[in-house]
Structure formats: structure tokens, C-alpha cells
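Working notes for the structure below.
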Amino acid sequence: MRAPRKPNAVVIGAGFGGLAAAIRLAARGYQVTMVDRLDKAGGRAYVYEQDGFRFDAGPTIITVPHLLEELWALCGKRMDDHVQLKSLDPFYRIRFDDGETFTYYSDPAAMRAEVARLAPQDLPGLERFMQHADAACRTGFEGLSTTPFTRVSDMLRALPGLARLGAWNSVAGKVASCFSDERLRSVFSFHPLLVGGNPFNVTAIYTLINALERRWGVHFAMGGTGALVQGLVDLVEGQGSTLRLQTEVKRILLDEGRACGVELADGEMLPADVVVSNADAAWTYRMMLPEHARQHWTNRRVERANHSMGLFVWYFGTKKRFNDVGHHTMVLGPRYQPLLTDIFKRKVLAKDFSLYLHRPTATDPSLAPEGCDTFYALSPVPHLGGNVDWAVEAEPYRQRIQRRLEDTLLPGLGAEVVTSHYIHPGDFRNRYLSWQGAGFGMEPSMLQSAWFRPHNVSEDVPGLYLVGAGTHPGAGVPGVLCSAKILDEVVPHAHTFIL
Ligand SMILES: Cc1cc2nc3c(=O)[nH]c(=O)nc-3n(C[C@H](O)[C@H](O)[C@H](O)COP(=O)(O)OP(=O)(O)OC[C@H]3O[C@@H](n4cnc5c(N)ncnc54)[C@H](O)[C@@H]3O)c2cc1C
Numbered sequence: 106m107r108a109p110r111k112p113n114a115v116v117i118g119a120g121f122g123g124l125a126a127a128i129r130l131a132a133r134g135y136q137v138t139m140v141d142r143l144d145k146a147g148g149r150a151y152v153y154e155q156d157g158f159r160f161d162a163g164p165t166i167i168t169v170p171h172l173l174e175e176l177w178a179l180c181g182k183r184m185d186d187h188v189q190l191k192s193l194d195p196f197y198r199i200r201f202d203d204g205e206t207f208t209y210y211s212d213p214a215a216m217r218a219e220v221a222r223l224a225p226q227d228l229p230g231l232e233r234f235m236q237h238a239d240a241a242c243r244t245g246f247e248g249l250s251t252t253p254f255t256r257v258s259d260m261l262r263a264l265p266g267l268a269r270l271g272a273w274n275s276v277a278g279k280v281a282s283c284f285s286d287e288r289l290r291s292v293f294s295f296h297p298l299l300v301g302g303n304p305f306n307v308t309a310i311y312t313l314i315n316a317l318e319r320r321w322g323v324h325f326a327m328g329g330t331g332a333l334v335q336g337l338v339d340l341v342e343g344q345g346s347t348l349r350l351q352t353e354v355k356r357i358l359l360d361e362g363r364a365c366g367v368e369l370a371d372g373e374m375l376p377a378d379v380v381v382s383n384a385d386a387a388w389t390y391r392m393m394l395p396e397h398a399r400q401h402w403t404n405r406r407v408e409r410a411n412h413s414m415g416l417f418v419w420y421f422g423t424k425k426r427f428n429d430v431g432h433h434t435m436v437l438g439p440r441y442q443p444l445l446t447d448i449f450k451r452k453v454l455a456k457d458f459s460l461y462l463h464r465p466t467a468t469d470p471s472l473a474p475e476g477c478d479t480f481y482a483l484s485p486v487p488h489l490g491g492n493v494d495w496a497v498e499a500e501p502y503r504q505r506i507q508r509r510l511e512d513t514l515l516p517g518l519g520a521e522v523v524t525s526h527y528i529h530p531g532d533f534r535n536r537y538l539s540w541q542g543a544g545f546g547m548e549p550s551m552l553q554s555a556w557f558r559p560h561n562v563s564e565d566v567p568g569l570y571l572v573g574a575g576t577h578p579g580a581g582v583p584g585v586l587c588s589a590k591i592l593d594e595v596v597p598h599a600h601t602f603i604l
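Be aware that the sequence shown starts at 106, since it is given in this note's numbering, and climbs by one per residue.
In C-alpha cells:
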């Protein structure tokens, strides 16, 4: 007699969300096949290797490390034995347009001293802000990030807690009520940009990012974020799951309306008892499922949703080390709210920009040849819903970023660059199949969060589950790891299948 087979799960996409989903499903008895159209796992955490330099393409700030440690524990291992996370302090330095800086420390006393140096009148506001952020973290992160918002009653239950926190206010609104100094207003409100939200539009609950950084630290994976991705791939393969790269899913197969597998771009069919999509949520509905199978995520609804901003990222290596530059620096431009309006609402490519400069070699010199530095400069830009022709604009835009960096932090940069590569929203669309080339899926505004966001359990197709930035709770490595954790609650245990 043949042994009963394990139920099959197909996971579309090997981003952090997909990798975590694969590990959790295999730990719960599924035979998992994970497919990704790229040649390496990691999704937005892809690693470019060029001329001896190693560039993490996406996430660099690792927070809430216990969400990663849980994945190793599920496989009977310890993360520390495989990947070393180094905690950073200060977390970042913020450089204002006039050259003044603010150093963002984990230590509350050091943080108070920085606020006192720039605007002593805002010290009481700092305390109020921290208390609000801590409360938002307890309610929004600890309370709701692993709650599956599948029924409207889940949302109704959450509403009183959200109302107490003034969730209808924006992050920028909350921050403005605590700080009078414009510089401090940008320092304490920029965090939603890390998950694709306009601080002037996303709910004040997102102040939780500030609190979770202070509570669990800001870390860097030695060897780069790619070391974490490789560690997760090793876990997946160690569980006996299959990872198929350079394999694109064309559509999700349905049997009487229920997901029953996927069809690959080359026509091969992979049958499955459960399908998990870590692909962009909008793309999953709009492009991988026929419209007649969708009552909720109709074409119109997907197209009318607000998507997060796009990103222009310039990766470059220098033949000298810029030792004065820290690991994470925000280089702010002359305008804050008007620039965000250009990006999110007007969708025009502004002449000025605010940049995030990543210099991982400040912490781990092994990411560049000896005596050299690895960098990336990230600039939020409109997604492809605007009118920017990146085929024309990209190189001049890169040059403007270079000039800005030469004028601020990296004098003489042009003569030092020995390797260079950039990506723009068109690449996000073509590589990651991201709707409108958005950097982070749908914008995490109040009306596109929790129950309003594409659910982890598909509203339209039984047997289909969603993980990753486009579903609840949203973008960022902690968010997508939480989305995979929700699967433990909503995907039936393997032993419930009769096969
Ligand atoms: C430049 C940048 C910097 C960031 N910095 C940080 C940071 O410092 N800290 C932080 O926490 N977060 C950061 N983020 C956000 C974070 O990286 C993302 O939210 C998160 O990694 C997204 O993970 P995901 O699981 O949604 O999958 P993704 O990384 O989006 O991966 C999805 C995968 O699905 C694959 N796929 C899509 N369609 C198909 C298909 N049809 N067939 C097969 N495969 C398919 C894609 O190839 C891709 O590999 C950053 C993001 C970017 C872009």
C-alpha cells in the first residue's frame, strides 16, 4: 500500500514573505514547491554582485529579529549559528539641507540631548511622541500585525483601539502636534516612507515603526541582507522543499472556482492543494486570475487603488573609503511636504530630492574590495502612474544624485566611482512584476490597511492565500514576515487533507 501523500503547496515568489511562508507550510506538513521568475531568491532583497562589490538591492535595516529567529527555530536551528546580526547605534544620521545634522540614537538620553540641541522647547513633545509611538506599537504591531483581517468583524473589534490612538490623524499630523521645529517634524515623521507611505497620508499608527526600532533595535546582517536570504533558502531546502528559480507563474489554475495549482510561462502545470502568492497582490489579482473569478478585486478596483511610490536606486562602488559617512544617512532636500506631494499626488519628477544613503561597508568592509566602499542612494520617485519616461530621465537623474552627494557628503565622488548600476520604477515593474512599478505594493493608507487591504485569505478564490507587502499587514521585512505567520492560523493543517 502506498503511503498517503503530503498535501502540496505552491508558493509564487521567493521574497522574504514567500520564503517565510514556505518554511511555515513545510513545518506544518506540506510538500512545498516555491517558484520565482528571477535567477536568485530574495525578491526586493536581491543581491547584485559587480566588479568585486556586493550590493543588497533592497532592505538594509533589519528590525524585530525575533520574527526571523522563529523561522530557524521552526527548523530546529538557531539563527545565530548561521547569520550574525549586528545591532547599530546610532540608528541613522539625518542631514538637513543647511548642513545641520540630527543623530538618531537608540539611547533615550542621547536622543533627548539631540532634540535639546536643536529645539529645547520640543523636549516635552518628544516624551509625548514616544509614548504615542509605544502605544501604537503595542496596539498596531503586537496586537494586530498577525491578526488575520478576514471578516469585517475583525476590523470592528480593532476600531476602538485604533480610535484611542487617533488613527484617523496622519503620522505628520501627530508629529506636528508634538514638535514645533520643522527639522524635528521631518526627523520623526519620515518612517512611513520606509514602507511606501506618505507621512502626510498614512495613519498615525505607523509611528509604531519608531517604537519598534527602539524596542528591538536596528540591525545589519553581516555579509549583507543577502546572507539572511541565503540562510532562509538553506532552511527551505533543508526541509525538503523545492525552490525553482527562473520559473514564472503565468496564471493560477482554478477548479470550480477553487485554486488548484499554477500554470508556468512555459505551459507546465503544477497542481496544488494550496496556492500562496508572494507576488504583488495587485498583479496576482489583475494578471493571474480571470476577472470572472473575482467579485472583490475586480480590474477596476485594482486600477483605482493607490499604490506606493516608486524608487530610484543607484548602487555604486568607490575606489576609496569615505570614513566620515555612517552606515545609514538620510540626506534631506530643501522641501519636505511639497516634495512628497510631487511624488505621491502630482506624480512628477522633482528637481530636488531627499535621499537615503546606505554605506554597508561602514559595518562590514567585506562587501567591497579592500580599501573600497559599497553604497546605494535611494530616492523616492513617482510610480509609473505618472508621466516620467525613465528611458530618457534615468541617467540624468542619476547624475543629479551624484552631484547632490558630491555637494553634501561625498566630495569628489565622480572621480572615485568604479562600478555603477541603477534601477527605476520600470525595473520594479519588469523584474518584480510590481503594479505601476510601485516600490512597496499598495500604499498603506488607512483605507488600504488591515481589513481594507487585500486579505491574507483571498476574498475571491478559495484555496488562495496572500503573503508579502501587498497584503496585511504590509511592506517592510517585519510586515511580510508577519503576513507569513498569519498562514499558521488561516491555512488548514496538512493532516486535515484527506488524500
Ligand atoms: C530599495 C528598497 C529598500 C528597502 N529597505 C527596507 C529596509 O531597510 N527594511 C525593511 O524592513 N524593508 C525595506 N524595504 C521593504 C522590503 O524590502 C519589502 O517590503 C519586502 O522585502 C517585500 O517582500 P515580499 O515578501 O513582499 O516579496 P518581494 O521581495 O516583493 O518578492 C516577490 C517575489 O515574487 C516574484 N514574482 C512575482 N511575480 C511572479 C510570478 N508571476 N512568477 C514567479 N515569481 C514571481 C518576484 O520575482 C519576487 O522575487 C525596502 C524595499 C526596497 C525596494
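Glycine included, every Cβ here is placed at the ideal spot set by N, Cα and C.
Can you list, in chain order, the residues of its chain whose CB lies under 7 Å from that of residue i, leaving out five sequence neighbours each side?
i           : result
residue 523 : 156, 422, 423, 424
residue 434 : 197, 198, 200, 462, 514
residue 226 : 285
residue 332 : 188, 326
Nearest by alpha-carbon distance to residue i: which of the options is it?
i           : options            : result
residue 453 : 493, 480, 464      : 493
residue 404 : 296, 540, 484, 384 : 540
residue 129 : 140, 142, 114, 141 : 114
residue 420 : 504, 489, 138, 397 : 504
residue 527 : 511, 553, 498, 512 : 498
residue 275 : 550, 269, 582      : 550
residue 397 : 596, 191, 566      : 566
residue 347 : 595, 116, 580      : 116
residue 552 : 506, 302, 390      : 302
residue 212 : 236, 320, 583      : 320
residue 167 : 317, 394, 470, 247 : 317
residue 376 : 192, 137, 583, 120 : 137
residue 442 : 277, 476, 232      : 277
residue 427 : 470, 313, 525      : 470
Quick one: residues in its chain with C-beta nearer than 8 Å to the C-beta of residue i, no 5 flanking neighbours on either side, listed in chain order?
i           : result
residue 223 : 205, 207, 286, 288, 289
residue 506 : 417, 419, 458, 460, 482, 484
residue 228 : 217, 220, 221
Taking CB distances under 8 Å as the criterion, tell me whether residue i reaches chain C.
i           : result
residue 447 : Absent from the structure: chain C. Only one protein chain is present.
Can you tell me whether residue i is buried or exposed? The criterion is at least 16 other CB atoms within 10 Å of its CB, across all chains shown.
i           : result
residue 535 : exposed
residue 590 : buried
residue 345 : exposed
residue 279 : buried
residue 601 : exposed
residue 118 : buried
residue 495 : buried
residue 599 : buried
residue 329 : buried
residue 414 : buried
residue 112 : buried
residue 374 : exposed
residue 388 : buried
residue 315 : buried
residue 131 : buried
residue 583 : buried
residue 395 : exposed
residue 291 : buried
Compute the beta-carbon to beta-carbon distance between residue i and residue j, rounded to the nearest angstrom, for a pair I have assumed lies under 8 Å.
i           : j           : result
residue 546 : residue 520 : Actually they are not in contact, since the Cβ atoms of residue 546 and residue 520 sit about 39 Å apart, beyond 8 Å.
residue 416 : residue 486 : 7 Å
residue 150 : residue 334 : 5 Å
residue 253 : residue 595 : 5 Å
residue 160 : residue 169 : Residue 160 to residue 169, Cβ: 24 Å. No contact.
residue 577 : residue 555 : 6 Å
residue 158 : residue 472 : 7 Å
Say the cut is 7 Å; is the CB of residue i nearer than that to a heavy atom of ligand 2?
i           : result
residue 571 : This structure does not include ligand 2; its bound ligands are ligand 1.
Among residues of its own chain, excluding the 5 on either side of residue i, which ones have a beta-carbon nearer than 6 Å to its beta-carbon?
i           : result
residue 251 : 587, 590, 591
residue 209 : 195, 196, 197
residue 458 : 438, 484
residue 351 : 144
residue 639 : Absent from the model: residue 639. The displayed extent of the chain is 106 to 604, so no value can be given.
residue 231 : 220
residue 164 : 150, 330, 582
*asked:* I want to know whether the region 361-368 touches the region 178-187 - three or more CB-CB distances under 8 Å.
replied: Result no; under three Cβ-Cβ pairs closer than 8 Å.
_At least three beta-carbon pairs within less than 8 Å, the region 215-222 to the region 553-563_ = Between the region 215-222 and the region 553-563, the count of Cβ pairs shorter than 8 Å is below three; the stretches do not touch.
_With three or more beta-carbon pairs closer than 8 Å as the criterion, would you say the region 135-150 touches the region 306-316?_
No contact exists between the region 135-150 and the region 306-316.
*asked:* Does the contact criterion of 3 or more C-beta pairs under 8 Å hold for the region 373-391 versus the region 570-586?
replied: Judged by Cβ distances under 8 Å, the region 373-391 makes contact with the region 570-586, as three or more pairs qualify.
*the region 395-414 touching the region 166-176, judged by at least three CB pairs closer than 8 Å*: No contact exists between the region 395-414 and the region 166-176.
*Are three or more beta carbon pairs between the region 462-472 and the region 428-442 nearer than 8 Å?*
Flag = yes, the region 462-472 and the region 428-442 touch.
*When the Cβ atoms of the region 473-493 are set against those of the region 334-353, are three or more pairs found closer than 8 Å?*
Result no; under three Cβ-Cβ pairs closer than 8 Å.
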